[in-house]
Structure formats: structure tokens, C-alpha cells
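Enquirer: Residue 78 in our numbering sits at position 78 of the sequence shown, and the numbers go up by one each step. Heads up, the beta-carbon is just placed ideally off N, CA and C, and yes, glycines get one too. Note that this is a predicted model, so its numbers are computed, not measured. Quick one: this structure, given as C-alpha cells, is what I'll be asking you about.
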Amino acid sequence: MDEFYGRTGTVLHIDLTTGTATPEHPDETVYERYLGGRGLAGHYLHPFADREYTDPELPLLIFTGPLTGTDSPTSGRGTILSRSPLTGTVCDGSIGGGLPTRLKKAGYDGLVITGRAEKPCGIEIDDHDVRVVETSLWGRDTDAVLHGLEQRMPEDTSLACIGPAAENGSLLGSVAVDHRHGGVRGGLGLVWAAKNLKYLTVRGTGEVRVHDPAALKEAREAIVRLTMASPVLMGKHGFSRWGTGALFDLINSRRMLPTDNFHKTFFEQRAEINAAALAERYKPRDHGCLGCHIRCRKIALDGRSLPGFETMAHFTALIGNADPEAAMEAADLCGKLGLDPISAASTLACLREITGRDYTDKTLISSLRAMAEGGDLAKGALNLAQACGRPETAMAVKGLELPAFDPRGGYGLALAYAVSTRGGCHQRAYPISHEVLRKPVATDRFTFSGKARIIKLAEDALAACDSMNACRLIFLAAGLEEYAKALTAVTGQDWSVQSLLEVGERTTVNERRMNAENGFGALDDDLPERFFTEPGTSGGGVTVPPIDREEFLQARRNYYAVRGLDENGDPTTATLQRLGLDR
1 MDEFYGRTGT VLHIDLTTGT ATPEHPDETV YERYLGGRGL AGHYLHPFAD
51 REYTDPELPL LIFTGPLTGT DSPTSGRGTI LSRSPLTGTV CDGSIGGGLP
101 TRLKKAGYDG LVITGRAEKP CGIEIDDHDV RVVETSLWGR DTDAVLHGLE
151 QRMPEDTSLA CIGPAAENGS LLGSVAVDHR HGGVRGGLGL VWAAKNLKYL
201 TVRGTGEVRV HDPAALKEAR EAIVRLTMAS PVLMGKHGFS RWGTGALFDL
251 INSRRMLPTD NFHKTFFEQR AEINAAALAE RYKPRDHGCL GCHIRCRKIA
301 LDGRSLPGFE TMAHFTALIG NADPEAAMEA ADLCGKLGLD PISAASTLAC
351 LREITGRDYT DKTLISSLRA MAEGGDLAKG ALNLAQACGR PETAMAVKGL
401 ELPAFDPRGG YGLALAYAVS TRGGCHQRAY PISHEVLRKP VATDRFTFSG
451 KARIIKLAED ALAACDSMNA CRLIFLAAGL EEYAKALTAV TGQDWSVQSL
501 LEVGERTTVN ERRMNAENGF GALDDDLPER FFTEPGTSGG GVTVPPIDRE
551 EFLQARRNYY AVRGLDENGD PTTATLQRLG LDR
């Protein structure tokens with residue numbers, strides 16, 4: 001660690017088959033090219049990216065970034081990455097809480113977990129003491145596991161685990177981190193289960209060395225000033241006060257809230273389940289990740305996590321439910337069972353359309369329990385729809401169910417969904433920022449003009465963000481210019497906006513390369529047919545027509561051109577050579 005600033009210089013390889021832990025000290029050029037977090041994890045995944053999730057050699061990757069554990073704002077983020085059991089694509093999840101910071105302070109930039117334990121096990125890391133231990137916690141829900149571990153671990157320990165859903169083979173199995181900081185999609189919890197890994201605990205007492213603390217203080221102050229001036233993040237109607245649920249009324253008023261499995265884009269019963277109504281009913285307190293001043297998590301008076309915007313929208317509007325308590329119970333149960341709530345709700349919306357049956361509070365809960373026990377519901381919306389002979393009812397891209405923003409309400413969003421390397425995800429480019437929130441500049445949301453370049457640049461910027469491991473939300477106020485100064489102060493290396501964008505581009509193209517090697521191409525960079533043939537719900541001065549398919553295809557061709565891809569969406573030889581990915 002004496003030679004590094006912002007990094008430990010150590011990646012720990014843990015083989016669950018043998019129970020051994022072996023440190024690796026990557027060459028400095030690897031850090032320069034991939035930075036950390038999502039970028040560095042993708043570098044380690046590539047040699048094994050064609051392995052099935054049941055293959056012990058497929059790595060489960062948990063990585064920090066160079067800003068993790070420093071005074072840089074929102075520095076408490078980390079990345080979980082592997083190949084998705086649900087989709088077969090590269091898939092990552094941004095995690096928070098205290099786990100990334102404590103992993104860094106334990107002396108590790110990342111974990112590469114391979115093999116398969118003979119019996120259910122846990123990994124326990126206490127600084128340089130690393131143990132693979134048998135566990136009797138298999139079969140217990142995430143709350144029981146995390147509470148049980150907390151009772152015997154030091155207070156400054158962070159915890160992650162899977163629940164019954166992943167253990168039972170559900171392709172929607174997620175990962176719980178410090179109770180409320182998982183948010184891992186794509187069935188990555190099933191990768192844990194395939195390795196017989198139930199939990200991970202991390203305690204770190206070291207310090208992350210910073211090259212120039214004074215310069216970091218200056219950079220931090222600049223970033224904090226920008227966030228404090230942001231109405232979206234810190235205003236009286238912003239995320240700090242209401243959580244991401246602050247988006248509910250805004251997205252609904254823009255006529256782009258997915259309702260009745262994306263048949264409609266406006267929910268009439270909005271007043272009962274918006275952020276203000278939930279705050280009045282549940283009296284939440286603020287909660288956040290280590291190193292974050294925004295504190296967008298909200299905890300109800302009874303201790304349950306208040307669902308974020310996407311979870312609440314999907315367990316209400318998407319499935320035709322106007323009861324906020326039923327949605328709260330569903331979200332809470334997903335957390336305990338270890339289910340991805342977005343995919344879970346989307347799968348239930350698909351089933352509702354196929355059967356024509358509405359949910360009661362009881363049938364909603366029983367359906368989620370069935371989903372965690374295996375069977376058709378556990379396979380996600382696309383597999384369920386195909387099994388029922390109704391593939392058109394699955395609102396998914398590359399097999400990953402869409403989140404709570406209808407693409408007919410934002411054409412940059414439509415393009416971002418289609419080309420996302422992990423499937424139906426808006427967070428690869430977050431076009432909501434400019435098409436709805438009007439940040440950094442407003443764009444016409446009902447046109448594809450200019451969107452190909454905007455999406456490409458945004459993908460690169462957010463991939464760099466995920467590699468530094470800052471929170472994506474803070475980029476609604478600050479940008480790479482401010483974070484380049486923070487990264488330079490931390491590492492002692494000269495980082496610029498352009499050098500960060502190059503890391504982001506390399507990260508994104510590496511992911512497209514891995515997807516291409518697994519057979520993904522232009523046919524997969526597409527949207528469900530519904531968006532091209534059915535209008536949304538017009539009203540309030542807003543008209544929401546179907547997306548023009550020819551305009552969409554031209555925008556996709558434009559994206560391929562600016563991204564350096566061929567007509568099938570695969571990286572060209574020239575692009576791979578330019579980014580050093582041909583080695």
C-alpha cells in the first residue's frame with residue numbers, strides 16, 4: 001500500500017472450491033486503463049464471459065474504485081459484476097452502504113470469487129484475515145441472516161447475502177447489502193447460490209491514502225456546492241427530502257409512467273401513492289451510504305425501507321394496484337426473499353395481462369412467495385410470456401425487464417434501453433436527466449435528433465462514474481470536470497474529462513465485446529413491439545404517439561456509427577485496436 005494513493009494495489013482471488021485466498025498485485029497500467037469498479041471488474045470478467053452461471057470458473061466480482069473510502073462526495077459505492085443468469089449479458093449492480101468502503105479499508109481493490117464450496121458457506125474478511133466458513137444460514141431470509149451476523153460481528157462490519165429466491169434457483173435472485181443497499185438486478189444472486197455462497201462480511205480498519213488532501217478538500221467543496229444548488233438533489237421537492245420517489249408525480253405528469261404493463265402511461269390514482277402521501281403515512285427518516293451527504297434513502301417509522309420510485313411505481317401503476325400498503329409489503333418481502341423488485345413486479349404485470357386477473361394484497365404476496373420458490377414465475381417476464389405463448393406481453397430488452405419510465409415519453413430513453421449492455425436499463429445513460437429533468441441542458445424528448453451522440457457520451461461518462469465508484473445521481477449536479485479534480489487529488493495522477501471518458505468508452509466497448517462473443521447483436525438492440533404500434537396515454541397538453549420504427553432504426557444506426565460498431569452492433573477491429581482491447 002505504500003506505493004499507491006486511492007488504491008491498495010491488491011485484488012484478492014478467493015477460490016471457494018479450495019477455500020484459499022490469494023492476493024494479486026495488478027500492474028499499474030491495468031489501473032490506468034480500467035480505473036476500478038465496473039471497468040476493472042469487466043477486465044477480469046472478459047476471459048470467462050462465455051461461461052454459464054453454474055460454471056465454477058465464472059467469477060463473481062466485487063470491486064471498489066479509487067475514490068471509495070476517501071472524502072470525495074458519494075464515495076461509498078462499489079460494483080458487483082458477473083454474467084447474468086437471467087439474460088446472458090454482462091451485468092453489474094452498483095452497491096452502497098458501508099461494504100465498499102470497508103473492503104477498501106481492509107486492503108483490497110476488489111474480490112475475484114471463483115469455485116464452488118462443497119457445502120453452504122460464507123466469506124468473512126477482517127482486514128487481512130480472510131476465512132471461508134461453513135454456515136447453517138442457508139434457507140433463511142436476508143433479514144434473519146443479516147441480523148444474525150450482526151449479533152456476532154463487530155459493529156463496524158458490513159454484510160451482504162442472498163435470500164431463498166437465489167437458493168431456489170430464481171433467475172430474479174438479488175443481493176442484500178447492509179439491509180438496504182443492494183439493488184442488484186439480472187439474477188446475480190443466483191451466481192452466489194451456484195457457488196454455495198450465502199454471505200460475505202467485511203471489516204476494514206486501514207486508511208485509504210490520498211495524495212493531496214488539500215486539493216481533495218477543494219474539489220469536494222466544489223462538488224458539494226453544486227449539489228446543494230441542485231433542486232433535483234437537495235431542493236424542497238428533491239431526492240434528499242423525498243427520496244427518488246420525488247419523481248413519481250413528475251414522470252406521471254409527463255405521461256410516461258408505465259401503467260397496466262405499459263399499455264398506458266398515466267396512473268389516475270397517483271395522489272394516493274406519491275412521495276408526499278407516503279411521507280404523511282409512513283413518517284420516514286433519512287438514511288444514506290457512507291460518504292454521502294444527499295441521503296436519498298428513506299426508512300419508515302416501522303423500520304421498513306420506503307421503496308424508491310421504480311419499485312413503488314411498478315408495484316402500483318404497472319400492476320394496477322392503488323394500495324400503498326400492499327406495495328410496501330411487496331417491496332419489503334422482495335428484500336427479505338432476495339428478489340429484484342423491478343423484475344418481480346414486471347413479471348407479475350406480464351402474468352396479469354395474460355390471465356386478466358387483478359391482484360389483491362393476499363394474491364400479490366402469495367405470487368411473490370411462489371416466485372421465490374421456483375417455477376415459471378421465477379424465470380422472469382420473457383420466459384413466462386414465452387411459456388404461455390404470449391411473448392408480446394414481456395416488456396423487456398435482452399431479457400431484462402424495463403424500469404419505470406416509458407420509452408414513448410422520451411426517445412433518448414428508447415435508444416438507451418435498446419443499446420444498453422445489460423438489457424432493459426436506463427442507468428447506462430440516464431437520459432431522464434436531459435429529457436425530463438432538463439440537466440445539463442434540455443432536449444426535445446419526442447425526437448431522435450442528436451440522441452445517438454448524447455447517449456454514447458452519457459454511457460461513457462456514467463461508465464467512468466461507475467469505475468471511480470461515485471453515485472450516478474450526483475451527476476445530476478456535478479460532472480466529470482469536478483470529479484477529475486477529485487481523482488487527481490486522490491491518486492496523484494493527472495486525470496481530465498477526456499481521459500475519464502476514454503476509460504468509460506473502453507469499459508462500455510469491452511462489455512459490448514463480451515456480449516457479442518455470447519451471440520448478442522442488432523436483433524437484441526431493440527424494443528418490444530408494443531412501443532411501435534400502440535400510443536401512450538395522451539392528455540394534459542401532452543400527446544404520446546407510438547415510436548416511429550424507421551426513425552428508431554436510423555437512430556440505432558447512428559449510435560453504431562458514433563460508438564464504432566459495425567452494422568450488427570459489434571465493435572469494429574479499428575475500435576478494439578484504438579482502445580487497446582485487441583490484446
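Could you please give the first and the last residue of the uninterrupted beta strand (DSSP E) stretch that includes V112?
Expert: Segment 110-114, the beta strand (DSSP E) holding V112.
Enquirer: Pull up the distance between the alpha-carbon of G88 and that of A489, whole angstroms please.
Expert: Cα to Cα, the separation comes out at about 38 Å.
Enquirer: Would DSSP call D2 helix, strand or coil?
Expert: The predicted position of D2 is uncertain, since its pLDDT is 47 and thus under 50; no value can be drawn from it.
Enquirer: Do you know how far the Cα of T347 is from the Cα of G368?
Expert: At residue 368 the sequence reads Leu, which differs from the Gly that was named. Taking the straight line joining both Cα atoms gives about 10 Å.
Enquirer: Taking just the CA atoms, how far does A21 sit from D2?
Expert: Only weak support exists for where D2 lies, its pLDDT of 47 falling under 50; the value from the coordinates is given anyway. Going from the Cα of D2 to the Cα of A21 covers about 22 Å.
Enquirer: Less than 8 Å between the beta carbons of G76 and L290, yes or no?
Expert: Result yes, Cβ atoms of G76 and L290 sit closer than 8 Å.
Enquirer: Keeping to the same chain, check which residues put their C-beta closer than 8 Å to that of T227; ignore five residues upstream and five downstream.
Expert: Excluding positions up to five away in sequence, the list reads P73, L233, M234, H293, I294, I474, A477, A478.
Enquirer: Could you check where the alpha helix (DSSP H) with D332 kicks off and where it finishes?
Expert: From DSSP, the alpha helix (DSSP H) with D332 extends over 324-337.
Enquirer: Nearest to F4 by alpha carbon, out of G107, G96, F309?
Expert: The option with the nearest alpha carbon to F4 is G107.
Enquirer: Name the one or two DSSP bridge partners that K264 has.
Expert: According to DSSP, which records beta bridges pairwise, K264 is partnered with T259.
Enquirer: With a CB to CB cut of under 6 Å and the five nearest residues on each side skipped, what residues in its chain are close to D361?
Expert: Taken in chain order, the residues that qualify are A326.
Enquirer: Would you mind reading off the limits of the beta strand (DSSP E) that contains F475?
Expert: Unbroken run through F475: none, as it is neither H nor E.
Enquirer: Counting Cβ pairs closer than 8 Å, one from the region 111-120 and one from the region 183-198, do we hit at least three?
Expert: Result yes; three or more Cβ-Cβ pairs closer than 8 Å.
Enquirer: Are the C-beta atoms of R51 and some chain B residue less than 8 Å apart?
Expert: The displayed structure is made up of one protein chain only, and chain B is not part of it.
Enquirer: Locate the beta strand (DSSP E) running through Y199, then write down its first and last residues.
Expert: Here the beta strand (DSSP E) through Y199 covers 197-203.
Enquirer: Do you know whose CA, among A464, I62, T533, A522, lies nearest R33's CA?
Expert: It is A464.
Enquirer: Spell out the partners DSSP gives H13 in its beta bridges.
Expert: For H13, which the question treats as bridged, DSSP gives the partners T22, V112.
Enquirer: Would you say A165 and G139 are within 8 Å of each other, going by their C-beta atoms?
Expert: Not a contact, by the Cβ cut-off of 8 Å.
Enquirer: Closer than 6 Å by C-beta to G122: which residues in its own chain qualify, once you throw out the five before and the five after it? Chain order, please.
Expert: Here the set comprises V133, T135, K198, Y199.
Enquirer: Which same chain residues end up closer than 7 Å to A246 when comparing Cβ atoms and leaving out the 5 residues on each side of it in sequence?
Expert: Hits under 7 Å: H237, G238, F239, A275.
Enquirer: If you follow the beta strand (DSSP E) that E134 is part of, which residue opens it and which one closes it?
Expert: First-last of the beta strand (DSSP E) with E134: 129-134.
Enquirer: Should the region 436-446 be regarded as contacting the region 5-25, the criterion being three or more beta carbon pairs within less than 8 Å?
Expert: As far as the Cβ criterion goes, the region 436-446 does not touch the region 5-25, which means the pair count is below three.
Enquirer: Report yes if the CB atom of V92 is closer than 8 Å to the CB atom of T101, and no otherwise.
Expert: Looking at the sequence provided, one finds Asp at residue 92 rather than Val. No. Outside cutoff.
Enquirer: Looking at C-beta atoms only, is the number of pairs between the region 489-506 and the region 535-551 that lie closer than 8 Å three or more?
Expert: No contact exists between the region 489-506 and the region 535-551.
Enquirer: Restricting to runs no shorter than 4 residues, where is the alpha helix (DSSP H) found entirely within the region 498-523?
Expert: Fully enclosed alpha helix (DSSP H) runs of 4 or longer: not present.
Enquirer: Indicate whether G110 and T68 have their beta-carbon atoms separated by less than 8 Å.
Expert: No.
Enquirer: Count the other C-beta atoms from every protein chain shown that fall within 10 angstroms of the C-beta of L301, then say buried if there are 16 or more, exposed otherwise.
Expert: Answer is exposed; the Cβ neighbour count stays below 16.
Enquirer: Could you have a look at T8 and say whether DSSP puts it in helix, strand or coil?
Expert: DSSP places T8 in coil when its eight states are reduced to three.
Enquirer: Tell whether a beta-carbon distance below 8 Å holds between R209 and D127.
Expert: No, the Cβ-Cβ distance between R209 and D127 is not below 8 Å.
Enquirer: For R578, which residues of its own chain have a beta-carbon under 7 Å away from its beta-carbon, when the five flanking residues on both sides are left out?
Expert: Once the five neighbours on either side are set aside, R578 has no close Cβ partner at all.
Enquirer: Closest by CA to D460, which one among G504, E150, D466?
Expert: The option with the nearest alpha carbon to D460 is G504.
Enquirer: For the 8 Å Cβ check, are there 3 or more pairs between the region 369-384 and the region 407-424?
Expert: Counting Cβ pairs under 8 Å, fewer than three are found: no touch.
Enquirer: Using only alpha-carbon positions, find the residue among D143, L149, K439 that is nearest to G182.
Expert: Considering only alpha carbons, the answer is D143.
Enquirer: Roughly how many angstroms lie between the CA atoms of T566 and E517, to the nearest whole one?
Expert: Before going further, note that residue 566 is Asp rather than Thr in the sequence given. Taking the straight line joining both Cα atoms gives about 14 Å.
Enquirer: Does the beta-carbon of A381 have 16 or more other beta-carbons within 10 angstroms, so that it is buried, or is it exposed?
Expert: Classification for A381: buried.
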